[in-house]
Each structure stands twice: as C-alpha cells, then as structure tokens.
Amino acid sequence: MENRDIAGIFSQIADILDIKGENPFRIRSYRNAARAIGDMSESVAAMVREGKDLEEIPGIGASIAGKIGEIVATGSCAFLGELRESLPRGLPELLRIEGMGPKKVKLFYDTLKIDSVDRLEAAAGKGELKGLPGMGEKSEENIIQALARYRAGQGRFKLSVGLEYAESIIAFLKKAKGVKAIEAAGSVRRRRETVGDLDILAICSPGSDIMERFAGYDGIREMIAHGGTKSSARLSCGLQVDVRVLPPSSFGAALQYFTGSKEHNVALRTRAVRKGLKLSEYGVFKGRRAVAGPDEEKVYSAVGLPWIPPELRENHGEIEAAEKGQLPKLIELKDMRGDLQMHTTATDGTESVAEMAEKALSLGYEYIAITDHSRAVRVAGGLDEKRLGRHLKEIDRAQDRIKGIRILRGVEVDILPDGRLDLDDAILKECEVVIAAVHYRFTMTEADMTRRIIKGISNPRVHIFGHPTGRLILERPGYPVNIEELVKAARDYGVALEINAHPDRLDLKDSHARLAREKGVRLAISTDAHSPAQLDLMRYGIFTARRGWVEAGDVINAYPLKKFLGMLRK
DNA sequence: GCCGTTTTCGGCCCGACTGTTTTCAGTCG
49 MENRDIAGIF
59 SQIADILDIK
69 GENPFRIRSY
79 RNAARAIGDM
89 SESVAAMVRE
99 GKDLEEIPGI
109 GASIAGKIGE
119 IVATGSCAFL
129 GELRESLPRG
139 LPELLRIEGM
149 GPKKVKLFYD
159 TLKIDSVDRL
169 EAAAGKGELK
179 GLPGMGEKSE
189 ENIIQALARY
199 RAGQGRFKLS
209 VGLEYAESII
219 AFLKKAKGVK
229 AIEAAGSVRR
239 RRETVGDLDI
249 LAICSPGSDI
259 MERFAGYDGI
269 REMIAHGGTK
279 SSARLSCGLQ
289 VDVRVLPPSS
299 FGAALQYFTG
309 SKEHNVALRT
319 RAVRKGLKLS
329 EYGVFKGRRA
339 VAGPDEEKVY
349 SAVGLPWIPP
359 ELRENHGEIE
369 AAEKGQLPKL
379 IELKDMRGDL
389 QMHTTATDGT
399 ESVAEMAEKA
409 LSLGYEYIAI
419 TDHSRAVRVA
429 GGLDEKRLGR
439 HLKEIDRAQD
449 RIKGIRILRG
459 VEVDILPDGR
469 LDLDDAILKE
479 CEVVIAAVHY
489 RFTMTEADMT
499 RRIIKGISNP
509 RVHIFGHPTG
519 RLILERPGYP
529 VNIEELVKAA
539 RDYGVALEIN
549 AHPDRLDLKD
559 SHARLAREKG
569 VRLAISTDAH
579 SPAQLDLMRY
589 GIFTARRGWV
599 EAGDVINAYP
609 LKKFLGMLRK
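Below, the structure written as structure tokens:
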C-alpha cells in the first residue's frame, strides 16, 4: 500500500463529505491528512508495520490514525465504503470540473438527477441548468466551456514549458512603457515539476502600456480578461497566463502570496495571526498600519522568519526550519563542477565527444563523463564490449586535443531483467564513471524490479544509478520500485543516485531526492544530454534538488575533480 | 477531525471574482 493510495482514500472521503454538506472543518482535516500522507517520503504502511506512532504526523489524530491502520491491514476503509454507498458513484468526479463545487454538484443532483460527467454535459447542452436557483445563461455557458477543457484533459504543463513561456513573456513585457519590476510567481517560481498556469506580477508607473503590449504577445490564442490591473490570456498551447499590475507598496506581499504554495501561505498566515498581525496579498498589517509589503524579505521578517527560498514553500517543514535557523543552504547552478551523463554519436547523441566537451568547457565545467548506452538499448545502437573499447580510446583522443576540461571515460550500462549488467566487468573496469540504468522490461512486479535493480547496483563496478524510477513526467509513471529499499541499498553499496535533469524526467523527483539525502545517500545531478544544447538543462536538475532540500555537499559532481574521483565507490 | 506559548473546548486563513442578486452564495487561489 503506497502513501498515495492511502492519501487517495482520504481525499475521496473528503470529496463525499463535501457533497453531503458535512462540517467543513472535518472535511479539511481529511484533506490535510491526505496531503500530509501524499507528501511524505517515508512509507506510512511501513510505519504501521514497525509500530510507529502515526499521531506524530502533523494533521493525523486518533481517528485518522485508526483508519490508516485499518487500510494497511485490510486494504480498504469501511467508512469510505459506507460513504460511497450513500451517493451515486459519479458525483465525486463532477468536482474535478472547474467551477463545480460541492454545492452545485448537490444542487444538480437533487433537482436534475445529474450523477455523471456525461449527464452534466447532456443537461448543459439542452439548457436545463439555467433557471435553477443561482444559475443563469452565463453560468451554464461557463460549465459547457469547463466541460470542454475537462474533456481535452489539458491540465498541467511541464515546468520547462511554463518556465520558458514565463521568461519569454517577461522579456517581451519588459519592453513596455513604464515597467519598473516584473517577476513570475506561482508554481513556476517554486520550480514545481509541472505547472497549471503562469502568474506574472509587475510594478508599472502611471501611463504604462503593459496590458496593451501583453495583448499583442505572439503566442496568445484568446484574451480571457483584459483590464487595467489584471489581464488573463490563454496561449495557443492551452496554458493560461495572468498578468497583474501592483502598487509598489504591496509588490513583496503579492509576490509572496502568488508564489504560494497555498499550504505554505495558510501556515504563514496562521503564524501572523498568532503574532497579532494580518497577512494578505497587500501587506502585513498591525491593526490598520502596514508593517511590511513592498519587499518580500520584509514580509517574512515581519512574522519573525528569514526569507524562505520559493522551492521550499510547500509547508513541508520549511517554516519550522526557518524558525530554528536551520534552513538548508540549497545547491545552486554555479556549484556544479561537472556533468556526469551524456551521449554522443557513438550511440544516440547528435555530436562527437569533442563537441560535447567544447560546450561543457564553455559552461565552465571542470570535468564531464561521456556515458553512451550499452548494447541492450538496441534503438540507440548501444555499445558491446568491443565497440565500447574503441569508444573509450576515442574519448582519450578527444582529451589529448582539448585542454581545460577533464573528459572522463564512462558508460551507461543496462541492468538486465535478471539483475546482471549488460557488459562484462573487464571493460567496466576501464571506465572511470559507470552509470547503471534500466531501459526496458518495465512490466515487472515491484518486488522483482527492486530485486533486479539492487542486484545490478551491487556490482562493485557501478558508481551511479541513473534515472532511478524511469518515469516520464505527464507521460508514464515509471516502473514499480520500492524507493526505500533502493535508497538503503544505494547507501550500503556506496552508489550515488542520479537526479536526471532532463525536464521530461526529473528523476529522482524532489521528495525522493530529499529522502535519499536524509538517509545519507550521495546524489549526482546530470543532464543526460544527447546534444551540446541539452547540457544547458542542468538548471532543471538543480531546481529539483533544491525542492528536495539538497545542499552542494550532498552532490558528488559539485566537488572538484580530485575530491570527486575520491568519492566514487572503489 | 485536529489542535493547544491565552485553550482539552472552541476555534479552524483571507480576499477577490462571478453571476446572480438587491445583499450574497459559491468557487477559486
């Protein structure tokens, strides 16, 4: 039983209680519990088995702890079963539609017997919704639109998509008249792996034409709202962008507010209230007097905290750490001394060893590892022992020609389904950096896959385990692997776990990176570049590491060459 | 249902927007 399964049960309970109009604070408790469990890196099921006290987890009390015990023991929750019986099955799904809350779901069900997305669509199409209490033409039209978006499944976008649009729009808007400051807030600023929309905040002098200019941005499909202080547009890719113009007096407070997360803000606001202050997007107030607002750092200091990096703002303990002066000193892009995974024309990369090295040199790296695929990756033209031997000599020749950067002989060797490596030890011994990875046969049980991987990395030739879960963000969930066991094995064998920086992967993800770090496992952050340009993707790995509370000292390729080589498993 | 540096009972974040109202409910972030 995974944490997300347990969290899912409590979310469902909350949804049903919501529709039934239960006590909203009781509902919030279930939602808080669901989120607390979903975000934990430690397995709750394992905690139960080890007899640990679940009530230690903030947001979990006696009642929910009891239900967790039941869920782990029996695989289900009787309370949820009863609740489900009490309502038509399709009702909770209706909450997923924008603009549909528990009250409307109940209203539509009570009056029109709408109990599924299909029925809602039919009723809206026939114009049956308008005329219900509180419903008019416009409300019905909005629901029709929301249904279309729901059907299109256009929910979230990869961080790289959101961030690159944000950067492009900001550069474009900076050229408007009177723009004094402009910044992206929201999940893009927190560097979440996916983003739902963009929030761009600006300070402008009177008479600025920023909103007119925004309407002329190339990628806009439609303007949703167009006012003097707030405009919203949908880009042709479907991403929504909100631009807000703020008075300088509240820019910092607004930046804080719109950066979120919601949970971080709730916690911060609760803290403000305890100090007799009121925190909103307009500032921090003592009575009617503003004590902070223009500057984000001062918003935090007003509630007695140091500034907290946006990547940490998830209410995952950052406020408590800030309070004790124990925030991590998060790793930065400039800490990186090398890149340890990249491919060349020897397999599926687009350029030669020398061209990759030249680009890495221009990025200021001290060293790189060239790590082409082993033969199991057929589509990439993976290397067998003989070809790898020749390729290693090619790496040496490139090193002879290029000064100023150390080019390490490496390979990305597959872990076969039985746990053996795809290349023999003799050739692996000649590689200075060996990354082990899984590229095919994902359909194994979790137990089998975990065994396969642990056997693979137990080979003393292996230094790093690459893209540890095999996921592709928004595309495939990854193969099943027991992350706790993997982390433990990595620590026991002295193998570093990779944070693959490719924005389609970000694997390890933030919470897993944090778990690994807490358990004393070393990390490697690498781009997995297949072209020189992809070496620039390192920043996404850094974002993920920062979200995982990772410091430079946790990352092997943030050390100088000599130290780095000394840290590799012998 | 959870929680406690005023509390084991009585609170639980705050404000804007939308669409429908004639003073506000519902939803969202």
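So the mapping is simple: my numbering equals the position in the first sequence, first residue as 1, plus 48.
Idealized CB from N, CA, C, for every residue including glycine.
Per DSSP, T419 is paired with what? For the purposes of this step, residue 419 is identified with residue 371 of the first sequence, where counting begins at 1. Paired residue(s): G458.
Residue burial classification, R52 (beta-carbon count within 10 angstroms, cutoff 16): Within the first sequence, residue 52 is the residue found at index 4, counting from 1. R52 counts as exposed, since fewer than 16 other beta carbons sit within 10 angstroms of its beta carbon.
Can you name the start and end residues of the alpha helix (DSSP H) that Q304 belongs to? Your numbering for residue 304 matches position 256 in the first sequence. Note, Q304: alpha helix (DSSP H), F299 to T307.
Between the C-alpha atoms of I251 and V293, what's the straight-line distance to the nearest angstrom? Here residue 251 corresponds to residue number 203 of the first sequence, with the count starting at 1. Here residue 293 corresponds to residue number 245 of the first sequence, with the count starting at 1. When rounded, the distance between both Cα atoms is 6 Å.
By Cβ distance below 6 Å, which residues in the same chain neighbour M88 in space, the five residues on each side in sequence not counted? Taking the first residue of the first sequence as position 1, residue 88 is located at position 40. Cβ neighbours of M88 beyond the five flanking positions: N51.
Going by Cα to Cα distance, which pick from A484, R237, S349 and A417 is closest to P465? On the first sequence, position 417 is the one that residue 465 refers to. The shortest C-alpha to C-alpha distance from P465 to any of A484, R237, S349 and A417 is the one to A484.
If I'm right that F612 touches I604 with Cβ under 8 Å, what's the distance once you round it to whole angstroms? Position 564 of the first sequence, counting from 1, holds the residue named residue 612. Position 556 of the first sequence, counting from 1, holds the residue named residue 604. With a Cβ gap of about 6 Å, F612 and I604 count as contacting.
DSSP state of V243, grouped into three classes? Position 195 of the first sequence holds residue 243. In this structure, V243 counts as strand in the three-state DSSP scheme.
For the region 131 to 147 against the region 70 to 85, do three or more pairs of beta-carbon atoms, one drawn from each stretch, fall closer than 8 Å, so that the two count as touching? Touching, no.
What are the start and end residues of the alpha helix (DSSP H) that includes Q447? Locating residue 447 in the first sequence gives position 399, where the first residue counts as 1. Run containing Q447: E433 to R449, per the alpha helix (DSSP H) assignment.
Let me confirm a value: R445 is counted as buried when at least 16 other C-beta atoms fall within 10 Å, else exposed. Which label applies? The count along the first sequence starts at 1 and reaches residue 445 at position 397. When all chains shown are included, R445 counts as exposed.
Helix, strand or coil, according to DSSP, for D163 in the structure here? Locating residue 163 in the first sequence gives position 115, where the first residue counts as 1. In this structure, D163 counts as coil in the three-state DSSP scheme.
Using C-beta distances below 8 Å, list every residue in its chain close to E188, excluding the 5 sequence neighbours before and after it, in chain order. Translated into positions along the first sequence, residue 188 becomes position 140. Cβ contact annotation for E188 (same chain, cutoff 8 Å, sequence separation greater than five): A172, G175, L177 and K178, in chain order.
Buried or exposed: where does C285 fall if 16 or more other Cβ atoms within 10 Å of its Cβ makes it buried? Sequence index remark: in the first sequence, residue 285 carries index 237 (1-based). Classification of C285: exposed, given that the 10 Å Cβ count is below 16.
Can you grab the Cα-Cα spacing for the pair R562 / L520, in whole Å? Within the first sequence, the letter at position 514 stands for residue 562. Within the first sequence, the letter at position 472 stands for residue 520. Their Cα atoms are separated by approximately 19 Å.
Along the chain, which unbroken stretches of the beta strand (DSSP E) at least 3 residues long are found entirely within the region 250 to 334? Those beta strand (DSSP E) runs which fall completely within the region 250 to 334 and span 3+ residues are 268 to 274, 278 to 283, 288 to 294, 326 to 328 and 331 to 334.
Given that a residue counts as buried once 16 or more other Cβ atoms are within 10 Å of its Cβ, and exposed if not, what is K407? Locating residue 407 in the first sequence gives position 359, where the first residue counts as 1. If you draw a 10 Å sphere on the C-beta of K407, you find 16 or more other C-beta atoms in it, and that means buried.
Secondary structure of M390, DSSP reduced to three states: The sequence position of residue 390 within the first sequence is 342, counting from 1. Of the three classes helix, strand and coil, the one that applies to M390 here is strand, per DSSP.
When M183, V351, A281 and I416 are compared against A606, the one with the closest alpha-carbon: Walking along the first sequence from the start, residue 606 turns up at place 558. Among M183, V351, A281 and I416, the Cα nearest to that of A606 is on I416.
CB of K557 to nearest heavy atom of the ligand COA: below 7 Å? Annotation note on the ligand COA: not contained in the displayed structure, which lists no ligands.
Alpha-carbon to alpha-carbon, E442 and R144: For the purposes of this step, residue 144 is taken as the residue at position 96 of the first sequence. For the purposes of this step, residue 442 is taken as the residue at position 394 of the first sequence. Each residue's Cα considered, the two are about 55 Å apart.
Let me know the secondary structure DSSP gives M453 once reduced to three states. Reading the first sequence from its first residue, position 405 is the one you call residue 453. Sequence check: residue 453 is Ile here, not Met. Coil at I453, not helix or strand.
Fully enclosed by the region 97 to 127, which beta strand (DSSP E) runs are 3 residues long or longer? Fully enclosed beta strand (DSSP E) runs of 3 or longer: not present.
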